[in-house]
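Colleague:
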Amino acid sequence: PTLPYDDQNVFAKILRGEIPCNKVYEDEHALAFHDIAPQAPVHILVIPKGPWVSWDDFSERAPADEIAGFVRAVGHVAREQGLPVRGYRLLANVGRNGGQEVPHLHVHLFGGGPLGPMLA
Ligand code: 5GP
5 PTLPYDDQNV FAKILRGEIP CNKVYEDEHA LAFHDIAPQA PVHILVIPKG
55 PWVSWDDFSE RAPADEIAGF VRAVGHVARE QGLPVRGYRL LANVGRNGGQ
105 EVPHLHVHLF GGGPLGPMLA
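So for the sequence shown, full-length UniProt numbering puts the first residue at 5; every next one is plus one.
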């Protein structure tokens with residue numbers, strides 16, 4: 005089932021320009037900006053522009069060009085930040101058990117230094 009999309013979530017407001025963000029990349033399908041509370045030297049959030057909450061809905065229901073655009077945008081930002089040589093980490097928290105706080109699908113991009121183990 006498709007999760008209802010709350011268009012008052014903070015990333016929806018960022019997409020509409022109602023609250024500011026520190027933007028690093030934008031194209032037709034995706035927006036990337038610095039996380040407000042960085043947990044690594046580089047901590048960027050990449051979001052699809054469509055009203056998707058979960059990875060499973062997005063991957064099942066979004067048009068293929070939107071999925072491709074989003075996936076490409078993540079890789080593009082990693083390259084633009086100079087991360088591929090030393091490596092980086094991608095993370096998507098999905099739903100309650102996943103610890104998702106903002107109900108608009110997003111991928112965390114961490115890098116800029118050794119990241120250590122991820123799961124407690
Ligand atoms: P989640 O737990 O949903 O995967 O992560 C949400 C992330 O969004 C957190 O890392 C949090 O710091 C970030 N965040 C929450 N509100 C804002 C905001 O208004 N601006 C930005 N740039 N990041 C935010």
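Just so it is clear, CB atoms sit at the ideal spot from N, CA and C, and this is done for glycine as well.
For clarity, every value in this text was computed on a predicted model and none was experimentally measured.
Helix, strand or coil, according to DSSP, for Ile18 in the structure here?
Modeller: Reduced to three states, the DSSP call for Ile18 is helix.
Colleague: Can you find a heavy atom of the ligand 5GP that lies under 7 Å from the Cβ of Glu105?
Modeller: It does: the Cβ of Glu105 is within 7 Å (strictly closer) of some heavy atom of the ligand 5GP.
Colleague: Compute the minimum distance between the beta carbon of Ile23 and the heavy atoms of the ligand 5GP, and state whether it is under 7 Å.
Modeller: Indeed, a heavy atom of the ligand 5GP lies less than 7 Å from the Cβ.
Colleague: What residues in its chain sit with their C-beta under 7 Å from that of Val98, if we drop five residues either side in the sequence?
Modeller: Excluding residues within five positions, the ones whose Cβ falls inside 7 Å are Ser58, Trp59, Gln104.
Colleague: Using the rule of at least 16 other Cβ atoms within 10 Å of the residue's Cβ for burial, across every protein chain shown, is Ala94 buried or exposed?
Modeller: Per the sequence shown, residue 94 should be read as Leu rather than Ala. Result: exposed.
Colleague: Compare the C-alpha of Gln85 against each of Ile51, Asp10, Phe114 and name the closest.
Modeller: The candidate whose alpha carbon is nearest that of Gln85 is Phe114.
Colleague: Is Val78 near the ligand 5GP, with its Cβ less than 7 Å from a heavy atom?
Modeller: Because no heavy atom of the ligand 5GP lies under 7 Å away, the Cβ of Val78 does not count as near it: no.
Colleague: Please indicate yes or no: does the CB of Leu49 lie closer than 7 Å to some heavy atom of the ligand 5GP?
Modeller: Correct: Leu49 has its Cβ closer than 7 Å to the ligand 5GP.
Colleague: Grouping DSSP H, G and I as helix and E and B as strand, with all else coil, what is His80?
Modeller: Looking at His80 - three-state DSSP - the assignment turns out to be helix.
Colleague: Can you confirm whether the segment 37-49 touches the segment 60-71 when touching is taken to mean that 3 or more C-beta pairs between the two stretches lie within less than 8 Å?
Modeller: Counting Cβ pairs under 8 Å, fewer than three are found: no touch.
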